[in-house]
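What follows is a short report on a single structure.
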Amino acid sequence: ERLYLQAFPAAAGVLRWGQGNETLSCGVMVEPLSRRQMLLQDSVEVSLKGVLQGWNAYSLTQTPTETWVLQGSSSNKRGSAAFQGLLGELSG
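Take the sequence shown: its position 48, counting from 1, is numbered 89 in this note's numbering, and each next residue is one higher.
Listed below in structure tokens is the structure:
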């Protein structure tokens with residue numbers, strides 16, 4: 042696991058997205074999918090602008106931008122609930 046964390050270092054950050062007239066946010070951990078990707082600073086801010094659905098390993102190689110794994114890390118209930126709600130919307 043230590044070697045994996047060295048190859049794919051995660052950074053703490055905040056994910057922000059719009060829902061109607063409201064802007065929601067929650068804490069996240071951001072992890073690169075490729076070792077070729079640049080390393081992020083200690084803290085990042087991510088704004089959700091679009092969603093890639095129905096992707097597979099091949100589509101990741103054809104994507105012109107970098108791809109990151111986001112994991113919810115909010116310690117408060119409101120942030121966790123907002124993140125779970127977002128995931129529900131995106132998968133529905």
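Every residue gets a Cβ at the ideal spot worked out from N, C-alpha and C, and that includes glycine.
Quiz item: Residues in its own chain within less than 7 Å of L127 by CB, not counting five upstream and five downstream?
Solution: Indexing the sequence shown from 1 puts residue 127 at position 86. Its chain contains W58 as the residues whose beta carbon lies nearer than 7 Å to that of L127, once the 5 sequence neighbours on both sides are disregarded; these appear in chain order.
Quiz item: From L74 to F49, what distance separates their C-alpha atoms?
Solution: Counted from its first residue, the sequence shown places residue 74 at position 33. Counted from its first residue, the sequence shown places residue 49 at position 8. Going by the C-alpha atoms only, they are around 7 Å apart.
Practice problem: Tell me, please, whether the region 65 to 80 touches the region 98 to 118 by the rule of three or more beta-carbon pairs shorter than 8 Å. | Solution: These segments touch.
Quiz item: Whole-angstrom Cβ separation of L44 and V92, contact assumed at under 8 Å?
Solution: Along the sequence shown, read from residue 1 onward, the residue named residue 44 stands at position 3. Along the sequence shown, read from residue 1 onward, the residue named residue 92 stands at position 51. Incorrect: roughly 32 Å between the Cβ atoms, too far for contact.
Practice problem: Please report the residue range of the beta strand (DSSP E) in which G95 lies. | Solution: Counted from its first residue, the sequence shown places residue 95 at position 54. Taken as a continuous stretch (DSSP letters only), G95 belongs to no beta strand (DSSP E), as it is neither H nor E.
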